[in-house]
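Each residue of the sequence shown is one higher than the last, beginning at 1 in UniProt numbering.
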Amino acid sequence: MIDQTIPEHYRLLNRFSSFSDLTGPFYEKIVDDRHVGIGLRVEATHLNKVGVAHGGLIMTVADNAFGDAILNAHDEPVAFVTMSLTCEFMSPVREGDWLEATVDIQRKGKRVVFANCDMRVGDKKVAFATALFSMIDKK
Numbered sequence: 001m002i003d004q005t006i007p008e009h010y011r012l013l014n015r016f017s018s019f020s021d022l023t024g025p026f027y028e029k030i031v032d033d034r035h036v037g038i039g040l041r042v043e044a045t046h047l048n049k050v051g052v053a054h055g056g057l058i059m060t061v062a063d064n065a066f067g068d069a070i071l072n073a074h075d076e077p078v079a080f081v082t083m084s085l086t087c088e089f090m091s092p093v094r095e096g097d098w099l100e101a102t103v104d105i106q107r108k109g110k111r112v113v114f115a116n117c118d119m120r121v122g123d124k125k126v127a128f129a130t131a132l133f134s135m136i137d138k139k
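What follows is the structure in structure tokens.
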């Protein structure tokens, strides 16, 4: 039987995005009233044809984690787009795994944000992403 529990400190995160509805559900990790990452329980719909989480799903989790971290790093609402996202896959992620993503913002400039994202299943690092984001005028 596949574990369906949600770990402690996580709550359902409504991303208000049709794409995220297709790739989720996503959960936000809150510790001491502070956003510290996102998580996702890998489901059958997230798997590729060889039965492991699709690389595109893992990159989607990273991109969402980056976005949440950038929003939480600013005191006022901001708008930005992904300029570059590179991902290294280290180990397969399987159905039932709890995939957790945490972001470290390396540099928060006025025009560009540089950040890294660790993705883990338990204590095992399964992927690493690095990305650049361009700050844009909010319309």
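Just so it is clear, CB atoms sit at the ideal spot from N, CA and C, and this is done for glycine as well.
Output the distance between the C-alpha atoms of V36 and M119, rounded to the nearest integer angstrom.
Those two C-alpha atoms are separated by around 13 angstroms.
Please report the straight-line C-alpha distance between N14 and D68, rounded to a whole angstrom.
When the Cα atoms are used, N14 and D68 turn out to be separated by approximately 12 angstroms.
M90 bridges to which residues according to DSSP?
Answer is none; M90 lacks a bridge partner.
Please name the residue, chosen from I58, K138 and I30, that lies closest to D97 on a Cα-to-Cα basis.
Residue I58 holds the alpha-carbon nearest to the alpha-carbon of D97 among I58, K138 and I30.
Anyone know if the C-beta pair for E95 and G24 falls short of 9 angstroms?
Taking 9 angstroms as the Cβ cut-off, E95 and G24 do not qualify as a contacting pair.
If you follow the alpha helix (DSSP H) that T60 is in, where does it begin and where does it stop?
It spans G55 to N72 - the alpha helix (DSSP H) in which T60 sits, taken as one unbroken run.
Is DSSP giving S17 helix, strand or coil here?
Residue state, collapsed to three classes: coil.
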